[in-house]
Each structure stands twice: as C-alpha cells, then as structure tokens.
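A quick write-up on the structure given underneath.
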C-alpha cells in the first residue's frame, strides 16, 4: 500500500536476472503473468500450491555470478496439495519475485493432506517460499535457544545429502519465480578465522550441525518444540576440509548414499529426519562454478540423516507444523525416496514467526531489565536503555541519552576496523530536549564578565574530563592535550586524588550537561540581543477563507498569545508579536497600544518587498491586547467576499525577515499557506508534479527544489536569525520540496493538513499550533561538535544551514529538533583514553539572553570487533541510516539508495559473522545480540513511503516525510518505522499499566479485538467485526458494529471505565509525541482497512515491500554472498 507499484525491471534488491536454459522467465513486480494461475498465499499458515519438477535432480550446481534463479518449468506436475512453504516462511533460498493475493489469515491447514499428491501448477511469489530446513534461532547472549531444534548431525564426508541442489546460487538479486528451488545453495565455506565473540542470535538455516549453535557463555535452552535437545558443546573452530563439503559447483554427485552407514547417518530407505529447508554446505575446491546444465531442475530432496539417540527432527521451519516438501509425493523419508517406498510422514509443521527476533520481545525485556533502576551516567561508554523504556537519568559526568544517543558506545581504535565493520559512527544530538519533571534541567553557570573557561588551543569548554595539573594552576585539555593556565579567580586546590576540592560545587566539573551565560563577546556586533519576535502571516486567499481556516486561526490567536514561551521566573513573555495577511499582495497591521483601531497598510509591489511601518508592527501582547483582538475579529470579515485565488510565498518570508531586521531582533515566522504560489512574484512556482518519474533516474528531481531562489532566501534568513514554521493546507500539489526549503534550512518545522476540513482537522491543527507556539526555542543558534584526537565530525544531518564545514547554523532550534553527526577517524584511538565528544550550542533564549549549552559524552574504544558489536544501539543506527538514505534520494535513483542500505547492513552482519561469531554452518543466520532487530527495522525503512511509494502516496507526502524524518529523534523514528500496536481488550481497567504491544502483522489481529496503532503522526483504532457488543457500547455509545461512525475523529466521552481508560491511553500517546496525531476509526474490512494494513510492517506491502520473514531470508542470502 505504501510503495512502488512499478513493474520491476529486476528483482527488488538486485540486478535484472538472466534466463536459464530450459526455463521461461516471468515478469516482475506483482503483475500476473499470462497463462499462469496465481496461487493462494496464506498468511503464515494458509496452504500454498506446490512446485513443479520434471524429475529427480541430478547434480549440484553453483553458478558463478548469475543474478537470479530459473523460472518455472512448463507443464503441470505432481506435487503435494499442501506446500510446506507458506507466506513469510524464512527459507533458505532463492526467492521468486511475484507477490500473490493473500487469503485471510484464518485459512486452515488440514492435517493429512500433506502426503496426498495432487496435480498443481507452480505458484508464483515475490520473495519465494522460505528456507526449508529447521531454522534455529539461538539467542546466545540472552542464554536461550529458540527453535524447533535441529537434531540432525552432519553426515560423514561426502555422504548423506541425497540428490543435491541444482539451481545456481544467485548473486545480489531475487530469482525468477517458480524455480522450484529454495536453497541457499553452496555459497562458499564459512571463513575459517572465526574467533569466539559476542554471543549472537542465530537462525539456523538448515545445515545439519554436529554442534549446537551456541557460543560464548553456557546458556539454558528454551525450546519452542517439545523435543529434548541433546547438544554437545561446540568445537572451537569450524572444520573446513574437503571431505566435509559436497562436490563443488557443477559436479554431479550420487543421488543415494554410498558405503556403510556411519554414526549419525540413517540407513538408506529408512525414515530420516525431515528438515524444512535444505542447505548444502559450502563448496570445496574443484571445478569452477559454471552455468546451470539444462535438465538439472527441481529442488533436491532433503536428506539430513537423523542422529542416533535424538528424536526424529520434526518437519518444521522453526519448529512449527508444516506440510511436506513441495514436489515430493510424501514426506521425505531418507535418500532413497525416489527409488524405494516412503516411510511414515512425520507430523506436518509450519513456520513459527515467533522464532525470529521480535521487536516486542526486545522492548519488553529491556523494560523489565532496565526500567526500574536509574541510568547513572558516571561510567564511560555505557549503552543506555532503549528509547521505549521509561527510565530516570542521573547525570554524573556524561550527557543524558535524552540529549545524545550514539550508534555505538565502544568505537574501533582504527579506521580499518570501522571500514571492515561498516558500522557508522554517529551521534543523534537533541540539544534542547525536554526533560521529565523528575530530572533537573541543566544548571546555568555565570562566570561574570570573563565568561566560560576554555582551552587556549581548540577552544573546548571546561568539562569533567579536563585534567588539572601543577596543584590546580593549569589544566590539560582532554580534546587536544594543550595545557592552559587557570585564571586566578577560577583557581582551586586539588585533593589527594588530583581532583579539585570544589568538584561537586561546579556543574561544569561534575555534570555532563550544563549552560554558561555568554558574555557580550558571544553576541552579534558585540552587543546583547533584543528579545525575539513572533510574526503571524495568514493566507487570506479564497481557499483559506472558504474552508473556515482564517476564522479558526484568528479565534485561536486571541487566547494563544497568552501562552508565549517565557523564562522560568518571568511573569510575562518578552516576545513581541506582529500580524500580516496576504494573497497576491501583503497587508501589514499597525496594532500600537495607543490606537483605538488597528491600521492596515498594503504593499502591492511584491517584487521589491519592504516593511511599510516600524513603530506599532511588533508589540507587547499585554499592552496591545485590545487592538490586536479587534484586528483578529475583523480579518475574517474583511476578506469574507474575496475572489482572489492566487497567492505569493517568497515575498511573505522576505517581509517577515525585513521586519525582524528593522527591529534588530531574531524571531520566528508562523506562515499559514494554502496553495502553489503561481502569482507573479519572486519565487513563483509551476506545477511540476509527475508520477511518471517514479522509478526512473529523474525521480530525484521530485525531491529537489525547482529553483535556487529559496536556498538563497534561506541563507539570508539564517543570517538574520529568522526561523520559519510553515503550516500547509493543500487541496492539490503544492511543491513541498520547494516551499519546505526555507523552514528546513532555518531550523523550522513544516505541518501539513491535506484537504483541511474544520470539523475533522481542527483539533489536530490547533493542538499542533499551540505546541509549536509554546515550546522552548533558541534563536540565532550556532552549534559546534568537538572531539578528542583521533576522530572528527565529518557529516551533519538535520534542519539547519552550514556556511562552513564545522558550524551548524540554526535561525531557530526547538526542543524537538535533532542534529545527527557522523564521525570518521583521522588517527588511531587508544583503549585507555577512549574518545570524547563535546557539543556546544550558542543561542538566544526566549527572553533575549545569550547562552551556551554544553553536552559532553565519553565513549570506549576497542581493538576487538566483538566489543564494537556488543555496544551498538540499533534504534540509533536505524535513525542514522534512514536520514542517510533520505538525503541520498536528492542525488541518486531511489533503487540505488535502497541497494546501498541493504548492502551496508549485509556487510555489518557479515563482518560480525566472520569475525565474532563462533564457527557454525553457513546455513545459519547469526545476528549480534544488540543488532538482532536490524533486519526488521531496516525493512521498515525500505518500505517507507519515501523509498517505496504506493500509487496513492503523493509527491508532496514524500517530500514532507523526507524533511520530517531528517530532524526526528531516535524515539520518533523508532515508532514511525515500526508502529506501536496495542490490544485494547487486554487493558487492565484498574491499573495504569499498558497491555503488552503485539507485533505488526495482520495474522496477530483477532476479529474479536480492538487495537490501537500509533506511529507518531496517526493513531488508528481498529475494530474487528466480531467485537463484543458490550465493548462497542462502552466505547462508541452505539449498540452494534455497523452503527460505528468511522468518520469521527474523537471518541465520545462516556462515563464507564473502558471508555475512560482508552481515552486516557490515547491522551498519553498524544502527550509523548511532538505532533498531535489524527485519530482514525478503522472498521475491519472497511475502506480504511487497507490504509491500516499499510502500517503492519512485518507483512508484505501492496507495492512490493517484503515481509519481515522474506527480507530476513534475503539478508541471509546477501550475507552468505559476502562471506563466500
């Protein structure tokens, strides 16, 4: 639903695929291929038709660089009625690429159908069925093994694999559909140099193993299947020998085992364990991989022999019931399946999506483990609790994670290690973040006329990491090692540990975050600034008047102006206000307190904008209340009969900026705008919206401004400290990519209300406006990030302007904005001294005070990659990667950006696998414990509207989201990409605790339940068709499902515990987000149901986005590709 509807020229993540001899190649991207019936596609548990096969496979092949798998063979063939591949199975193999229609998740699997052969055509499916041997998810670090345990041991050298795989492995791409082959076929031995490291999460993708997939500390096994496990401890290194591999690519191999059965091997013809996906081990040296030989078609029978003393391995991906292998007449029973009588089928299994890493489980575990204790920041390099955990912070020398979060808290000592791991080193900094009431705001330190103490050389500010020497007379800089004299007024003796005696009395010596009062040297033109001003600029064209918008704004401003931000102890705000209305011309208003009535002045020469009055334009709210109240009453009446439909835009910003310049102050413009500015004026735009550009090389132009005019205007605004907040109310294309340039580069915000209607959108708009006017904001800000020797800040992401390579300039910086900084090595780091960051922001407060806010953070450094992977923060990593990708679409085709993201994450995980995981079969997907959610979250980013839009997503929506995400903090991106989904019928009415969230998948929804889904921009209330009448009555005040009005945007206020609790949960969610979320009531199977499903991120999306399980498979394939 959200993302590309295009017919792919190649698979979603790779190059176009070449055909194979004897195969026909179907199309891509979800279109039906003529002559081929689409098969049913069950949601994890619906039956799916089998795969065709023209005879037993005859040899193992491995193609060198083919970029896909063959298309299906022709002719209907015998295959079981129930395929063991369901939608979303994690499979070991090469997925096909055409999505199928999904039947309802409630489709039943009928036991007993598994071995009944029925003639069926080959199915077609986007990512292909899942891997097919038992998958293990061994979560070593948490000390548990989640799986239908793989109980088969590796067969002896050269034996035991039965007829081998025949389809070449694919390189970086998805195969054609219907290949009938779902094996990550021989992709090279695992690297021999795998030292033990961080215990990973490991998904065994089906290679039989002599050892369990457990490394690191001994773990207690938690099994999802009823089998007992009999694993021995793992050997310390992977045995890589020719004898342990099947023949190399291109060499055929006997289809039955030869020689006597060895221990751990089933005798031919006897029932053997039936894995749910087959993986051949890596190839040994031999003939080079060649193209597939025609005639070697169809998947191999799985022939992992069962191990004596272990129960038969159940036929299950991750230990859940499933049908037999496709293309086999019955459950596979040993290598002689094609020649001798089959054994009794083991119980059918199905993929258990519960055994792949669950975001909900990780979030809950972190809450339970880390939510009760305060996070004390005294220790270097501590990884904080997740953003989804409620915790208190005690500042003891490092900045709170509410101000700074890093992708890793233990960074490599050398740039080579960083290149090898591909983990980006970045910090997401939110300098003016709002703290909970239980935490003290940063202390304000006043050093008088001398100003803050700084290093002579690098100008770093005094902080807890500075080293005092020579009895306290000098200090050595922790950033550049320069020694600086301590001014006499700042001198203090040291105690026996070398620490100053006044250590605890001075915030800058003992805390990670604090503020300094800046001296006049830190001010423009060496004079203290005037208090800032707010200018409200209202579009009074026909659209704005007709919709009721102008009247709504004027009514709201009468009361809202009493709530302008002010310093803690001030009785009234120091901020002055002014008013402008505009359509094709601008109207300025004199609201001087001495006037009986406001005066209007019209400027029609928009090509040369000037401000027609100085005195009386910017006024104190209390002094001029009567005059501007009168004005706000008159504006809707004055323009009530307007027929003017055209608007200007750039002159409006110029006017506001000129007014601030004349008043010699910084400030903010609140612009309320409705349409594309097509009137003759500077900055005039044309409608250039073109959906045909999507998925072409010119798609990037949709994200770029159509003229350079606005970038130059933004630069002038920043120089004046003029920040722009833009409220848009479009009924059609508005060119957000261009109009958004000035708000974006001045540190402002954009709010967008498409097809605005007072009845449905008033609450959201007014709440956004109130929050925007009242929030803490700094003006005329400059931010610099200093680092200790060895690393430096090289790249910056967010809503700001940069005129040089080090200073981030923000006309306005509010409490919601983040600046993301990437660091690179410029020298070696040492494990002993670690690495330091200091973020300093110079800004003017809302009272006109010049201040410096300082945040310090110390990180560990490591020489072992395992230490890096043990201290990463996936939520921050995803925040960085999303911003990196969203900036990338400005200059690169979207497909290139997607491929780059996938490739980088595959490299991150492959490096872990190669260097940190204990040796294990190549068929296992092993994920670092703290990165086990990287695949699911990355897939959410790839499926987002910016990178994979559906047909209903407008160009403006994409530009809006792109700019919004660029300055989001980690908590915002976390819920934006993987929404929170709560079952409301599980709510405890007697406590304040929330029910445990559920995973974002349709198959988790029950028809008898009500769910709340939030992503930071919207809240959906989803009602199943079978919800109890009593609940409907309590929540909506109507007696049946059919009577629920799905157009309402607030819940009725009813006097019963359920209604009160649900409304309080919604209110709580609203208070946690920086924007007011629109409430949408979704009745199951109603028209909004499709929109709701767009946010179920673990499922396939309508426009070709992969399901979580399929994407995990794809990542596994990419990782194996890199390792081989």
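Numbering (the numbering used here), first residue to last: 543 to 1666.
C-beta atoms are modelled at their ideal positions from N, C-alpha and C, and glycine is treated no differently.
Being a predicted model, the structure only gives us computed values, none of them experimental.
In the structure shown, residue 1556 falls within a strand segment according to DSSP collapsed to helix, strand and coil.
A contact between stretches requires three or more CB pairs, one per stretch, nearer than 8 angstroms, and the stretch 1291 to 1301 fails this requirement with the stretch 1225 to 1240. Listed as beta-bridge partners of residue 1027 by DSSP are 1016. For residue 906, the enclosing alpha helix (DSSP H) covers residues 901 to 912. Taking residue 1227 as reference, the option from 1068, 1278 and 1106 with the minimal CA-CA separation is 1278. Nearest neighbour of residue 1354 by Cα position, chosen from 1468, 1381, 1306 and 1208, turns out to be 1208.
Beta-bridge partners of residue 1267 (DSSP): 1212. Counting C-beta atoms within 10 angstroms of its own C-beta, residue 1198 has 16 or more neighbours from the protein chains shown and is therefore classed as buried. Contact between residue 1398 and residue 920 does not hold, since the beta-carbon distance rounds to 12 angstroms and is not under 8 angstroms. Each of 1122, 1393, 1435 and 1567 was checked against the Cα of residue 1246, and the nearest Cα belongs to 1435. Pairing residue 1185 with residue 1083, the inter-Cα distance amounts to about 7 angstroms.
Under DSSP, residue 1035 takes part in no beta bridge, so it has no partner. When DSSP states are grouped into helix, strand and coil, residue 1339 belongs to the strand group. For residue 1565, the beta-bridge partners assigned by DSSP are 1552 and 1625. By the CB criterion at 7 angstroms, residue 1554 and residue 1524 fall inside the cutoff. For residue 965, the CB contacts under 7 angstroms within the same chain, skipping 5 residues up- and downstream, are 949, 950, 1410, 1414 and 1450 in chain order. Counting only unbroken stretches of 3 or more residues, the beta strand (DSSP E) elements lying wholly within the stretch 1259 to 1329 are 1264 to 1270, 1292 to 1294 and 1319 to 1329, in sequence order. When secondary structure is reduced to three states using DSSP, residue 1057 falls in the strand class. The C-beta distance from residue 952 to residue 1402 rounds to 4 angstroms, short enough to fall under 8 angstroms.
With a 10 Å radius around the Cβ and a threshold of 16 neighbouring Cβ atoms, residue 1368 comes out exposed. Of the residues 1594, 1016, 1121 and 1049, the one whose Cα lies closest to the Cα of residue 1035 is 1016. With fewer than 16 other beta carbons inside 10 angstroms of its own, residue 1233 counts as exposed. Runs of the alpha helix (DSSP H) spanning 4 or more residues and lying entirely within the stretch 1073 to 1139 occur at 1084 to 1088 and 1091 to 1102, in chain order. Annotation for residue 1362: 968, 969, 970, 971, 1338, 1339, 1340, 1421, 1422 and 1425 place their beta carbon closer than 8 angstroms to its own, counting only its chain and skipping 5 residues before and after.
Going by C-alpha positions, residue 1533 is about 15 angstroms away from residue 1608. Within the stretch 1367 to 1434, complete beta strand (DSSP E) segments of at least 3 residues are found at 1377 to 1386 and 1392 to 1404, given in chain order.
Spanning the alpha carbons of residue 1286 and residue 1464 requires a straight line of approximately 47 angstroms. In this chain, the beta strand (DSSP E) harbouring residue 970 covers 967 to 971.
As DSSP reads the structure, residue 948 sits in a beta bridge with 969. Restricting attention to 1496, 1153, 1164 and 1282, the CA atom closest to the CA of residue 1136 is found in 1164. Rounded to whole angstroms, the gap between the alpha carbons of residue 1148 and residue 1251 is 15 angstroms. Between residue 1079 and residue 1213, the gap from beta carbon to beta carbon is short of 7 angstroms.
Contact annotation, residue 1378 with residue 1400: C-beta distance approximately 5 angstroms; criterion of less than 8 angstroms satisfied.
Residue 1416 counts as buried, since no fewer than 16 other beta carbons sit within 10 angstroms of its beta carbon. Close CB contacts of residue 1264 within its chain, under the 6 angstroms cut and outside five residues either way in sequence, are with 1199, 1202 and 1353 (chain order). DSSP links residue 1143 through a beta bridge to 1130.
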